[in-house]
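Student: Here it is, the structure in full.
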Amino acid sequence: MEIPLSIAVGALAGGGLFLLLQRSVIKMVIGLLLLSHAANLTIFIVGRLRKGGTPIVQEDISLQTFADPLVQALILTAIVIGFGVAAFLVTIAFQAHRKTGSDDLDDMRDLRG
Amino acid sequence: MTDFLLVAPVLLPLAGAILLVIAWGRLPVARAVSVTVAAAVAVVAFYTLFTVQADGILASTLGNWPAPFGIVLVADLFSASMVSATALVAIVALALIGLVQEPAQQKRVYPFMLFLLAGVNGAFMTGDLFNLFVFFEVTLLASYALMAIGAQKLQMEAAFKYVVINVVASSLFLVGVGLLYGELGTLNMAHLSVRVAEAGGGGVITPVAALLLVAFGIKAAVVPLHFWLPGAYVAIPSGVAIFFGAVLTKVGVYSIIRVFTLVLGHDQDFFQPVLLSMAGLSMVLGALGAVAQRGFRSILTWDIISQVGFILMGLGLFTVASVSAGVFFMLQYMPVKAALFSVAAVVERLRGARGIYRLGGLAAAYPFLAVLFLIPALSLSGAPPFSGFWAKLALLQSGLQVGSIGGYAIVAAALCASFITLFVMFKIWQWAFWGEAKGAPAAHVSPMAQGRLLMPIAAVAAVTVILAFAAGGLHDITTTVAQQLLDPSDYVEAVNLALPR
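Quick mapping for you: the protein sequence lines, in order, are chains A and B.
All letters in the first sequence, in the order written, are residues 3 to 115 by the working numbering.
All letters in the second sequence, in the order written, are residues -3 to 497 by the working numbering.
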C-alpha cells in the first residue's frame, strides 16, 4: 500500500504546485489545499500502514502488528489548522473579488495605492 | 514554581487575549490589559532568565506526562533571553499602538497581538518539534489576521501572498517533522538529539534537515527566501509593524539555531557552507535592497533581511565564540529594530507620509524624536559605542578566528553590509530629518502628547545605550547560551527522559 499512496502524495504535491503557479486566486487556494493534503498523507505513510491490530501495547503483542496511532493524531491537528487557514484565505479571496470583480491576482495588484 | 514560570509566558497572553475577545471593543480595557499582560510576561521572563542563569536549565512536563511521551516546555538560557527580549518589544509595541493607530483599528489589533505574543513565546519555550509547528501556526494565524486588519486595498494583496507563502513553508515543515518522526520515532527535541547522535546522521536525516532549513528560512526571510517580506511588512498597520519587524522573523531564526544545534548538529560540514552563503547573501543583498527604497518602513524592512544574515553568520561558523556573537547580535538588535520601527510609526502618525522624500525638517520640528532615531540607527549600523558595535565586533572577531576562506569571505561581506547600512541610515536622516519641511504643515502636537509618544521609544532606545556599557554582562550570558547550544547534554539532562528500556 505504501507505493500507491506515495504516488498519490507526488500527484497531490505536483498538482498543488501547478495550481499555485496559476494567477487565479481560487486555483491558488485549491493548490494550497492539495499541498497540505500531500503533507498530511506523507505523515500518514510514515506511521506505517498495517491493519487489524489494536494500538495497545501488551506483553505478548509485537509492535509490528499495528500502525503508529500518534501520526494520526498529528494529522488531525494539522488538518484542523489547515482548515482554519483555508477559511481565512477564502475570505480574503472573496473580499478581493468583491472589490475587483475578478479573481486574477494581478487585478489585486491594481488595488494598490 | 518551575511549572508556573514556564507556562506563564504562554498562558498570560492567551488569557489576556480571550479576555479582550469577551470585552470586545472596550478600548480603555484593551489598552490596560494588553500592556499589563506584556509587563507581567516581562517580569516572569526576566525572573526565569536569572533563575536559569543561576540554577541551570528548567524543564516542565505538561500534564505530568513524562518526556518523551508528553510535551515538555524548556527554558534554557537561549529561550529565556529570547522571551525576555520579546516581552520588552511587546510592551513598547502595545503602548504605541494605542497612540499611533486609529481607534477603530485598535480594538481589533489588541486581542490578536496577545495571541501573537502567546504563539511566539510558546515557539521559544517548547521542547517538542511538533509543538513548535503548532505554536508557529498560532503565531501565523494571529499575524494573518493582523495583516488584514483594516482591509485596506494595499493589504489584500499583501495578506494573500503572505498567507500563501507561509502555508507552503508550513507544509514543508510538517513533512520534515513527519519524516523525522518516521525515521527516529520521537518528536521530543532532546530525545531527537540523542537518537540522531546514536544513528550518526545519514539516511533521510540530511534531506529532512534541508527541508526544515527551507521552511524556517522562509519564515526568517533569509536570501534567497526573502522575497515575500518587503511587500508584506509595508502593508501592516504601523504600530503592529514594530512587533513584526523586531520579533517575527526572529522566530524563524531561533528555530534554525535551535534545530541545527540541538537536533541536527551532526551535519555541520554539509550545512556550514550553505548557512554561510545564505548569511553572506542576506547581509549584502538586504542592505543593497534598502538603498533602493523610498519608504521609511520599506528601508527598515529590507534591513531586517540584512540583519538576519548577521545572526545566521554566527550560527554558520559553528564555534562557541561565533554562536555567542550571533545570539548577542540578535538580542541587542530586537530592541534597536523596535525603536526604529517605532520612530517610523510616530513619523507616520505626525506627518501622514511614508516616503522619506516627502518628509523633511523632522529634526527641527521634533528634536527629541531625531535623537531617538539617531541612537538606534547608529547602533544598527555598528557605530561605537552602542551595542550594535560590540555585537559586530564579536562577530567579526569570531569570523577571523575561524580563519578559513569561508570565515574571511563572511567577514568581508559583513563589513560591506555594515557600511551600506550606515549609508542607508544617513539617507533617512538626510531626507526625513534634515532640510525644509515638505507637504502640508505639521499638525501641532502638544509637548505632553509628544512626550507620551516618545516615552516608549526612549525605553527601548535606552536598552542599546545601557548595553553599550554593560556589553560584558550580556556577553557572559550569550557565551553560556552558545555552550548550551553546541553541547546539548545539559539540555537533554534537564528534560530528564524517562526512556523505556
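Virtual Cβ for every residue (Gly too), placed ideally from N, Cα, C.
Note that the coordinates shown come from a computational prediction; the quantities given were computed from them, not determined experimentally.
Could you tell me whether the Cβ atoms of I68/B and S56/B are closer together than 8 Å?
Tutor: The residue you call residue 68/B lines up with position 72 of the second sequence. The residue you call residue 56/B lines up with position 60 of the second sequence. Note that residue 68/B is Val in the sequence shown here, rather than Ile. Closer than 8 Å, so yes.
Student: Secondary structure at T182/B, three-state DSSP: helix, strand or coil?
Tutor: Looking up residue 182/B in the second sequence gives position 186. Coil.
Student: At the 8 Å Cβ level, is G59/B part of the contact set with chain A, yes or no?
Tutor: Taking the first residue of the second sequence as position 1, residue 59/B is located at position 63. Answer no: the Cβ-Cβ gap between G59/B and chain A never drops below 8 Å.
Student: Which same chain residues end up closer than 6 Å to L8/B when comparing Cβ atoms and leaving out the 5 residues on each side of it in sequence?
Tutor: Walking along the second sequence from the start, residue 8/B turns up at place 12. Contacts found: V33, A36 and V37.
Student: How would you call W20/B, buried or exposed, if buried means at least 16 neighbouring beta carbons within 10 angstroms?
Tutor: For this step, residue 20/B is matched to residue 24 along the second sequence. With fewer than 16 other Cβ atoms within 10 Å, it is exposed.
Student: Using a Cβ-Cβ cutoff of less than 7 Å, which residues in the same chain neighbour V200/B once the five nearest sequence positions on both sides are dropped?
Tutor: Residue numbering aside, residue 200/B sits at position 204 when the second sequence is read from its first letter. Here the set comprises L175 and E179.
Student: Between L183/B, I371/B and G431/B, which has its C-alpha nearest V459/B's C-alpha?
Tutor: Within the second sequence, the letter at position 463 stands for residue 459/B. Of the listed residues, the one whose Cα sits closest to V459/B is I371/B.
Student: What does D106/A pair with, by DSSP beta-bridge criteria?
Tutor: In the first sequence, residue 106/A corresponds to position 104, counting from 1. Bridge partners of D106/A: S26/A.
Student: Under DSSP, the alpha helix (DSSP H) around V68/B begins and ends at which residues?
Tutor: Within the second sequence, residue 68/B is the residue found at index 72, counting from 1. Where V68/B is concerned, there is no enclosing alpha helix (DSSP H), although the beta strand (DSSP E) it sits in stretches over V68 to A71.
Student: Mind checking if S167/B is an interface residue toward chain A, Cβ cutoff 8 Å exclusive?
Tutor: Numbered from 1 along the second sequence, position 171 holds the residue referred to as residue 167/B. Answer yes: the Cβ-Cβ gap between S167/B and chain A drops below 8 Å somewhere.
Student: So is F223/B buried or exposed if we call it buried at 16+ other beta carbons inside 10 Å?
Tutor: As a working mapping, residue 223/B is identified with position 227 in the second sequence. Exposed, by the Cβ-count rule.
Student: Per DSSP, A55/B is paired with what?
Tutor: As a first step, residue 55/B must be located in the second sequence, where it is residue number 59. BP columns for A55/B point to V70/B.
Student: Indicate whether at least one CB of chain A lies closer than 8 Å to the CB of L221/B.
Tutor: In the second sequence, the residue the question calls residue 221/B occupies position 225. Output row for L221/B: interface = no.
Student: Let's see if you can read the secondary structure: which residues bound the alpha helix (DSSP H) around Q446/B?
Tutor: What you label residue 446/B is simply residue 450 of the second sequence in a count that begins at 1. That run of the alpha helix (DSSP H) goes P443 to F465.
Student: Would you say M3/A reaches chain B, if we count a Cβ-Cβ gap shorter than 8 Å as a contact?
Tutor: Residue numbering aside, residue 3/A sits at position 1 when the first sequence is read from its first letter. It does not: the Cβ of M3/A has no partner Cβ on chain B nearer than 8 Å.
Student: Assuming the contact rule is C-beta atoms closer than 8 Å, F111/B and V134/B should be a hit. Round their C-beta distance to whole Å, please.
Tutor: Within the second sequence, residue 111/B is the residue found at index 115, counting from 1. Within the second sequence, residue 134/B is the residue found at index 138, counting from 1. Right, their Cβ atoms sit about 7 Å apart.
Student: Please state if the CB of R290/B and the CB of A556/B are separated by a distance shorter than 8 Å.
Tutor: Chain B is shown from -3 up to 497; residue 556/B falls before or after that span and cannot be answered.
Student: Per DSSP, which residues does G282/B bridge with? Please list them.
Tutor: Here residue 282/B refers to the residue found at position 286 of the second sequence. G282/B pairs with nothing; no bridge assigned.
Student: Which whole-angstrom value is the C-beta distance of L10/B and V29/B, which I expect to be below 8 Å?
Tutor: In the second sequence, residue 10/B corresponds to position 14, counting from 1. In the second sequence, residue 29/B corresponds to position 33, counting from 1. Actually they are not in contact, since the Cβ atoms of L10/B and V29/B sit about 12 Å apart, beyond 8 Å.
Student: So with Cβ pairs under 8 Å, would you call M185/B a contact of chain A?
Tutor: Indexing the second sequence from 1 puts residue 185/B at position 189. No, M185/B lies away from the interface with chain A (no Cβ there is under 8 Å from its Cβ).
Student: For P380/B, which option in V316/B, V456/B, L463/B and E153/B has the closest C-alpha, if you only look at C-alpha atoms?
Tutor: Taking the second sequence and counting its residues from 1, one reaches residue 380/B at position 384. Here the closest residue by C-alpha is L463/B.
Student: Quick one: residues in its chain with C-beta nearer than 7 Å to the C-beta of M185/B, no 5 flanking neighbours on either side, listed in chain order?
Tutor: Mapped onto the second sequence, residue 185/B falls at position 189. Answer for M185/B: G123, D124, L125, L258 and V259, listed in chain order.
Student: Name the chain B residues that come within less than 7 Å of L34/A, Cβ to Cβ?
Tutor: One-based indexing of the first sequence puts residue 34/A at position 32. The contacting residues are V160 and V163.
Student: Beta carbon of A275/B, beta carbon of I416/B: below 8 Å?
Tutor: Here the question's residue 275/B lines up with position 279 in the second sequence. Here the question's residue 416/B lines up with position 420 in the second sequence. No; because the gap between Cβ atoms is not below 8 Å, this pair is not in contact.
Student: Between the C-alpha atoms of G403/B and F306/B, what's the straight-line distance to the nearest angstrom?
Tutor: Here residue 403/B refers to the residue found at position 407 of the second sequence. Here residue 306/B refers to the residue found at position 310 of the second sequence. Roughly 13 Å separates the two Cα atoms.
Student: Find out if the Cβ-Cβ distance for the pair S26/A, D106/A is shorter than 8 Å.
Tutor: Residue mapping note: residue 26/A aligns to position 24 of the first sequence, counting from 1. Residue mapping note: residue 106/A aligns to position 104 of the first sequence, counting from 1. The answer is yes: Cβ separation under 8 Å.
Student: By the 7 Å beta-carbon criterion, what residues does the stretch 141 to 159 of chain B contribute toward chain A?
Tutor: From the stretch 141 to 159 of chain B, only A144, A147, K149, L150, M152, E153, A155, F156 and V159 have a Cβ closer than 7 Å to chain A.
Student: To the nearest angstrom, how far is it from the Cα of A10/A to the Cα of R50/A?
Tutor: Translated into the one-based positions of the first sequence, residue 10/A becomes position 8. Translated into the one-based positions of the first sequence, residue 50/A becomes position 48. Near 16 Å, if we compare the C-alpha coordinates of R50/A and A10/A.
Student: Mind listing which residues of the stretch 31 to 63 of chain A have their C-beta closer than 7 Å to chain B's C-betas, in chain order?
Tutor: Going along the stretch 31 to 63 of chain A in chain order, one finds L34, L37, S38, A41, T44, I45 and V48 with a Cβ nearer than 7 Å to chain B.
Student: Would you list the one or two residues that DSSP bridges to G351/B?
Tutor: Your numbering for residue 351/B matches position 355 in the second sequence. The partner list for G351/B (beta bridge, DSSP) reads G291/B.
Student: With DSSP as the reference, label D(-1)/B as helix, strand or coil.
Tutor: Residue numbering aside, residue -1/B sits at position 3 when the second sequence is read from its first letter. Residue state, collapsed to three classes: helix.
Student: According to the Cβ coordinates, are L34/A and L43/A closer than 8 Å?
Tutor: Your numbering for residue 34/A matches position 32 in the first sequence. Your numbering for residue 43/A matches position 41 in the first sequence. No, the pair does not count as a contact, with Cβ atoms beyond the cut-off.
Student: In whole angstroms, what is the alpha-carbon distance linking D486/B and V332/B?
Tutor: Position 490 of the second sequence, counting from 1, holds the residue named residue 486/B. Position 336 of the second sequence, counting from 1, holds the residue named residue 332/B. Approximately 31 Å, taken between the alpha carbons.
Student: Going along chain A in order, which residues have a C-beta closer than 9 Å to the C-beta of L137/B?
Tutor: Mapped onto the second sequence, residue 137/B falls at position 141. Simply I83, G86, V87 and F90.
Student: Taking only beta-carbon atoms, is L208/B less than 8 Å away from chain C?
Tutor: Absent from the structure: chain C. Protein chains present are A and B.
Student: Quick one: what's D124/B bridged to in DSSP?
Tutor: Indexing the second sequence from 1 puts residue 124/B at position 128. Looking at the DSSP assignment, D124/B forms a beta bridge with N184/B.
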